[in-house]
Amino acid sequence: MLISFEGIDGCGKSTQIKLLKEYFDQKGIKYSVFREPGGTEISERIRSLLLHETDEMHPITELLLFSAARSQLIQEKVLPLLQKNEIVILDRFYDSTTAYQGYGRKSAELKSIHVLNQLATHHTKPDLTFYLKIDPKEAERRTSGNRKDRMENAGYQFFVDVSKGYDELANNEERIHSIDAMQSEVEVHAQIVSIIEKNH
Ligand code: TYD
Numbered sequence: 001m002l003i004s005f006e007g008i009d010g011c012g013k014s015t016q017i018k019l020l021k022e023y024f025d026q027k028g029i030k031y032s033v034f035r036e037p038g039g040t041e042i043s044e045r046i047r048s049l050l051l052h053e054t055d056e057m058h059p060i061t062e063l064l065l066f067s068a069a070r071s072q073l074i075q076e077k078v079l080p081l082l083q084k085n086e087i088v089i090l091d092r093f094y095d096s097t098t099a100y101q102g103y104g105r106k107s108a109e110l111k112s113i114h115v116l117n118q119l120a121t122h123h124t125k126p127d128l129t130f131y132l133k134i135d136p137k138e139a140e141r142r143t144s145g146n147r148k149d150r151m152e153n154a155g156y157q158f159f160v161d162v163s164k165g166y167d168e169l170a171n172n173e174e175r176i177h178s179i180d181a182m183q184s185e186v187e188v189h190a191q192i193v194s195i196i197e198k199n200h
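Going by this note's numbering, 143 is the number at position 143 of the sequence shown; the sequence numbering is gapless.
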């Protein structure tokens, strides 16, 4: 079973993934977690290129590097685990590329991004995706004290556009569950668990 988490920076993804790991641990259910971009040696090296605060990067280069990191992770780690019927949790997956590079940066046409996503994922789709939906203003408030990486420096309007992308994806894809991330951590976690229990 493949579960992905999505949302803009500051939506509480890391906390929810931590709570879900604790839930699986308590149940004695085996799982693996990978972050994107990252999760393999090559993908982590690509990650440091992508998130370095000061480097200038052409939008298409950025799009291809996120995709390259993903392809390596899926082939090297994710597909072998899914073949063994294990649970894999992804901290971001190709919906991030659609939302950030497609709607946010407008790096390429959505249909080109769709084709690239299929290539980079080797046609792998999540069974469940949790989109933690948060008002970009609130997300900005939550991340205001943090040191920002290259993506996070993109500014408020960028995150409004990215959010619109996620909203449209969630409306069009049944696997994507939009969760109100303005609720408490405990409430968000309870909703996630209930959806997983229904689908497992
Ligand atoms: P990360 O530190 O993992 O952010 P977070 O903890 O919020 O997930 O950095 C990943 C950044 O890269 C984040 O700003 C989203 C961005 N990103 C894309 O723009 N496109 C992508 O395809 C992926 C996977 C991430």
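Just so it is clear, CB atoms sit at the ideal spot from N, CA and C, and this is done for glycine as well. No experiment lies behind these values; they were computed from the predicted model shown.
Does the beta-carbon distance from M182 to E138 come in below 8 Å?
-> For the purposes of this step, residue 182 is identified with residue 182 of the sequence shown, where counting begins at 1. For the purposes of this step, residue 138 is identified with residue 138 of the sequence shown, where counting begins at 1. Closer than 8 Å, so yes.
Who are the Cβ neighbours of H52 in its own chain at under 7 Å, not counting the five residues just before and after it?
-> Indexing the sequence shown from 1 puts residue 52 at position 52. R150.
Quick one: grab the DSSP three-state call for D167.
-> Mapped onto the sequence shown, residue 167 falls at position 167. Helix at D167.
Per DSSP, E6 forms a beta bridge with which residues?
-> Within the sequence shown, residue 6 is the residue found at index 6, counting from 1. Beta-bridge partners of E6 (DSSP): Y131.
Would the beta-carbon of R35 fall within 8 Å of that of R92?
-> Your numbering for residue 35 matches position 35 in the sequence shown. Your numbering for residue 92 matches position 92 in the sequence shown. Cβ distance < 8 Å, so R35 and R92 count as in contact.
Between which two residues does the beta strand (DSSP E) containing Y31 stretch?
-> Translated into positions along the sequence shown, residue 31 becomes position 31. Unbroken beta strand (DSSP E) run through Y31: 31-35.
Determine the burial state of P136: buried for a count of at least 16 other Cβ atoms within 10 Å of its Cβ, exposed for fewer.
-> Counting from 1 along the sequence shown, the entry for residue 136 is found at position 136. Buried, by the Cβ-count rule.
Comparing alpha-carbon positions, which option in D127, T98, K133 lies nearest E197?
-> In the sequence shown, the residue the question calls residue 197 occupies position 197. For the residues D127, T98, K133, the minimum Cα distance to E197 belongs to D127.
Would you mind working out which of M1, R147, S107 sits nearest T54, comparing C-alpha positions?
-> Translated into positions along the sequence shown, residue 54 becomes position 54. The shortest Cα separation from T54 among M1, R147, S107 belongs to R147.
Limits of the alpha helix (DSSP H) - the one that D25 falls within = Residue 25 sits at position 25 when you count from the first residue of the sequence shown. Its alpha helix (DSSP H) spans residues 13-27.
Expressed to the nearest angstrom, what Euclidean distance is found between the alpha-carbon atoms of E44 and L90?
-> Taking the first residue of the sequence shown as 1, we reach residue 44 at position 44. Taking the first residue of the sequence shown as 1, we reach residue 90 at position 90. Each residue's Cα considered, the two are about 15 Å apart.
On the premise that T143 lies in contact with N117, defined as a C-beta separation below 8 Å, what is that separation, rounded to the nearest angstrom?
-> Stepping through the sequence shown from its first residue, residue 117 is reached at position 117. Stepping through the sequence shown from its first residue, residue 143 is reached at position 143. Incorrect: roughly 26 Å between the Cβ atoms, too far for contact.
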